[in-house]
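Have a look at the structure below before the remarks.
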Amino acid sequence: MEMTDILPCLRRYRVVLASASPRRRELLAQLGVEFDVRPMAGVDESYPADMPADDVAGYIAGKKCRAYMDALGDGEMVITADTVVVSHGMVLGKPADEEQARRMLRELSGHTHRVVTGVSVATKDKMIVRKAVTDVEFAELTDDEIEYYVTRYRPMDKAGAYGIQEWIGCVGVRRIDGSYYNVMGLPLHVLYTMLKEFC
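Per the working numbering: the sequence shown = residues 3 to 201.
See the structure below:
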């Protein structure tokens, strides 16, 4: 059954996914939502230095959404998201290069970290922001395993320098507590409940 059969109200909207992430496109499609992809370049993704780490992703998702709202037409709905990894109180975003990716993975190795995704849904008149949190326990990773992953999968487009759906998730993730889809970058259960609030 398609999402529009479950939530007929979505037929009123032209849904826009404001993300270039292929993972988010794949996940949103799993909900059966028809959507256009319209990423916006140049959105300021900075955040206050004293902001609690768990609030950063929702703050940035909201900033992305507000950047779209003025350009939304009647009947359009935009979905934005941002994912960060929080390890020992530090926010790990996307690594700038392979060496930073290696450092991030060494930081995560043998420890439990949090993955926080902020999601925002808006029309011209209404915006909702939510977040999802998942704890991820990593096994000890050897330098050879980290090197293998970084050089073959080049995870510079991923928060914390890893994708749970890739090789490193198979060999390195011992346990998760929370949504798997959140770790991939779009917590579908949270997004679904948000969409229902527009009905």
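Glycine is no exception: its CB is placed at the ideal position from the N, C-alpha and C atoms.
Is C11 closer than 8 angstroms to C172 when the C-beta atoms are compared? no
Please report the straight-line C-alpha distance between G77 and A20, rounded to a whole angstrom. 16 angstroms
Check whether the Cβ atoms of A103 and P24 lie closer than 8 angstroms to each other. no
Taking the Cβ atom as the reference point for each residue, do K96 and T82 lie within a distance shorter than 8 angstroms? no
Run through the DSSP bridge pairs and tell me what F140 is partnered with. V175
For D127, the nearest candidate out of M79, V152 and R14 (CA to CA): M79
As a quick exercise: from V17, A69 and H115, pick the residue whose alpha carbon is nearest that of D179. H115
Backbone CA spacing between E265 and R108 [nearest angstrom]: Residue 265 lies beyond the stretch modelled for the chain, which goes from 3 to 201, so this question has no answer here.
Any chance you could list the beta strand (DSSP E) runs of at least 3 consecutive residues sitting entirely within the segment 90–140, in chain order? 92–94, 114–124 and 129–140
Return the CA-CA distance between R177 and L190, expressed in angstroms with no decimal places. 20 angstroms
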